[in-house]
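Asker: One structure follows; several queries about it will come next.
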Amino acid sequence: MTASRLYFIAAVAVATMASFVLADPPALGAWRDVPVQTQDTDRLTTALAQSSSYRTNSPLRLCYTNVARLQQQVVAGTNFKYDVDACEVPTAEDGQGKCPAACTTQRYSVVVFEQTWTNTLFISDITLEANERGPVTGGFSPVEVESKHADLLAKALKANATLCLVDVLALDVQVVSGLNYKFDMTACKVSASEGKCASACESPKRYTAFVYEQPWTNTLKLTSVTEVPPPQDGAQD
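Residues -23 to -1, 1 to 214 (mature numbering (1 follows the signal peptide of the UniProt record, and there is no 0)) are what the sequence shown spells out, left to right.
Below you can see the structure in the form of structure tokens.
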């Protein structure tokens, strides 16, 4: 074999090795951020929509509305960590993976394991992000009042009561098979409900209103309204 041929073979080998180095594959065991692509949202939708995909100790079943961040970890397959805005649903199948209707979201971390050569796909972990303040399954929890909550209450009042909404003072939410909302509100009596008060009223009173919502069945109903007695002289709220 001539010297020039040996030199050519050596040059090809060096170039091949350099291409592997420059490709910058994900390090084994390390998490790295990756862009969210259609195949990634499809993977998440498929995993969340199937009860058999959930292999966690958590009873949570979710549907998602948005993927805020995606990280990838190479193991004997690939772990995908999705930071998602999501809602709790009764069953995986009810949620359909991506939420079919508007709902009150919280931020979760969802880890999905995939091993393509064995057609393996499952959810290994679901975690509610620590800085999230929101509803907890089974109990009422305080949440920050947003305009969408006032709109929801006004819609329920318009359909079910002869009251119009002045203001929402506080809100607690309970996760059941859907959501229970406990509104501390001020409202005025009207002859025909108009949801939010169309004009200022002279004597708004304080009420506690309970509203039930199940977004995936388009269910919204006012379950009870109770007037809160005014504080006695010298007493504080």
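For each residue, glycine too, the CB sits at the ideal point set by N, CA and C.
Are the stretch 155 to 174 and the stretch 135 to 145 touching by the rule of at least three beta carbon pairs closer than 8 Å?
Answerer: At 8 Å Cβ cutoff, the stretches touch.
Asker: According to DSSP, threonine 200 sits in a beta bridge with which residue or residues?
Answerer: Residue mapping note: residue 200 aligns to position 223 of the sequence shown, counting from 1. Threonine 200 is not bridged to any residue.
Asker: So alanine 127 is in the alpha helix (DSSP H); what residue range does that whole segment cover?
Answerer: Numbered from its first residue, the sequence shown carries residue 127 at position 150. Per DSSP, alanine 127 belongs to the alpha helix (DSSP H) from 124 to 137.
Asker: From Thr104, Glu190, Val61, Arg20, pick the residue whose C-alpha is nearest to that of serine 154; which is it?
Answerer: By 1-based counting over the sequence shown, the position of residue 154 is 177. It is Glu190.
Asker: Among residues of its own chain, excluding the 5 on either side of glutamate 70, which ones have a beta-carbon nearer than 7 Å to its beta-carbon?
Answerer: Here residue 70 refers to the residue found at position 93 when the sequence shown is read from its first residue. Ala26, Ser28.
Asker: Less than 7 Å between the beta carbons of leucine 134 and glycine 72, yes or no?
Answerer: Taking the sequence shown and counting its residues from 1, the one referred to as residue 134 is at position 157. Taking the sequence shown and counting its residues from 1, the one referred to as residue 72 is at position 95. Against a cut-off of 7 Å, the Cβ pair of glycine 72 and leucine 134 comes out as no contact.
Asker: Report yes if the CB atom of cysteine 80 is closer than 7 Å to the CB atom of proline 192, and no otherwise.
Answerer: Residue numbering aside, residue 80 sits at position 103 when the sequence shown is read from its first letter. Residue numbering aside, residue 192 sits at position 215 when the sequence shown is read from its first letter. Yes; because the gap between Cβ atoms is below 7 Å, this pair is in contact.
Asker: With which residues is proline 119 paired in a DSSP beta bridge?
Answerer: Looking up residue 119 in the sequence shown gives position 142. Looking at the DSSP assignment, proline 119 forms a beta bridge with Asp149.
Asker: What's the C-alpha gap between lysine 58 and leucine 148?
Answerer: In the sequence shown, residue 58 corresponds to position 81, counting from 1. In the sequence shown, residue 148 corresponds to position 171, counting from 1. Lysine 58 and leucine 148: Cα-Cα distance of roughly 32 Å.
Asker: In chain order, what residues of the same chain have a beta carbon less than 6 Å from the beta carbon of lysine 198, not counting five sequence neighbours either side?
Answerer: Position 221 of the sequence shown, counting from 1, holds the residue named residue 198. Only Tyr189 meet the Cβ criterion.
Asker: Can you tell me the Cβ-Cβ gap for valine 44 and valine 13, rounded? I've got them flagged as a contact below 8 Å.
Answerer: For this step, residue 44 is matched to residue 67 along the sequence shown. For this step, residue 13 is matched to residue 36 along the sequence shown. Sure, about 5 Å apart at Cβ, within 8 Å.
Asker: Count the C-beta pairs between the stretch 45 to 56 and the stretch 84 to 97 that are closer than 8 Å, then say yes if the count reaches three, no if not.
Answerer: The stretch 45 to 56 is in contact with the stretch 84 to 97.
Asker: Output the distance between the C-alpha atoms of leucine 21 and valine 120, rounded to the nearest integer angstrom.
Answerer: Residue 21 sits at position 44 when you count from the first residue of the sequence shown. Residue 120 sits at position 143 when you count from the first residue of the sequence shown. Cα to Cα, the separation comes out at about 27 Å.
Asker: Skipping 5 residues on each side, what residues in its chain have a beta carbon closer than 7 Å to that of threonine 33?
Answerer: Numbered from its first residue, the sequence shown carries residue 33 at position 56. Contacts found: Ile100, Ser101, Asp102, Ile103.
Asker: If valine 202 and tyrosine 184 are in contact, beta carbons under 8 Å, what's the gap, nearest whole angstrom?
Answerer: Residue mapping note: residue 202 aligns to position 225 of the sequence shown, counting from 1. Residue mapping note: residue 184 aligns to position 207 of the sequence shown, counting from 1. Rounded, the Cβ-Cβ distance is 6 Å, consistent with contact.
Asker: Among Ala169, Leu98, Leu156, Thr93, which has the Cα closest to the Cα of glycine 116?
Answerer: Position 139 of the sequence shown holds residue 116. Of the listed residues, the one whose Cα sits closest to glycine 116 is Leu156.
Asker: In the DSSP assignment, what residue or residues form a beta bridge with asparagine 157?
Answerer: Looking up residue 157 in the sequence shown gives position 180. DSSP lists Gln151, Tyr189 as partners of asparagine 157.
Asker: Please say whether threonine 200 and phenylalanine 187 have beta carbons closer to each other than 7 Å?
Answerer: The sequence position of residue 187 within the sequence shown is 210, counting from 1. The sequence position of residue 200 within the sequence shown is 223, counting from 1. Against a cut-off of 7 Å, the Cβ pair of threonine 200 and phenylalanine 187 comes out as a contact.
Asker: If you reduce the DSSP assignment to three classes, tell me which class glutamine 50 lands in.
Answerer: For the purposes of this step, residue 50 is taken as the residue at position 73 of the sequence shown. It is a strand residue.
Asker: Using DSSP with H/G/I as helix, E/B as strand and the rest coil, what is leucine -2?
Answerer: Within the sequence shown, numbered from 1, the residue matching residue -2 stands at position 22. For leucine -2, the predicted structure reports a pLDDT of 37, less than 50, and the residue's modelled location is therefore unreliable. A value from the coordinates is still provided. In this structure, leucine -2 counts as helix in the three-state DSSP scheme.
Asker: Buried or exposed, going by whether 16 or more other CB atoms sit within 10 Å of the CB of alanine 131?
Answerer: To locate residue 131, count along the sequence shown from 1; it is residue 154. With 16 or more other Cβ atoms within 10 Å, it is buried.
Asker: What is the residue span of the beta strand (DSSP E) that glutamate 91 lies within?
Answerer: Position 114 of the sequence shown, counted from the first residue, corresponds to residue 91. That run of the beta strand (DSSP E) goes 83 to 92.
Asker: Classify arginine 38 as buried or exposed, calling it buried when 16 or more other Cβ atoms lie within 10 Å of its own Cβ.
Answerer: As a position in the sequence shown, residue 38 is number 61, starting the count at 1. So arginine 38 counts as buried.
Asker: Just the Cα atoms here: how many angstroms apart are aspartate 1 and glutamine 49?
Answerer: Numbered from its first residue, the sequence shown carries residue 1 at position 24. Numbered from its first residue, the sequence shown carries residue 49 at position 72. For aspartate 1, the predicted model reports a pLDDT of 43, less than 50, meaning its position is unreliable; a value from the coordinates is still stated below. Their Cα atoms are separated by approximately 14 Å.
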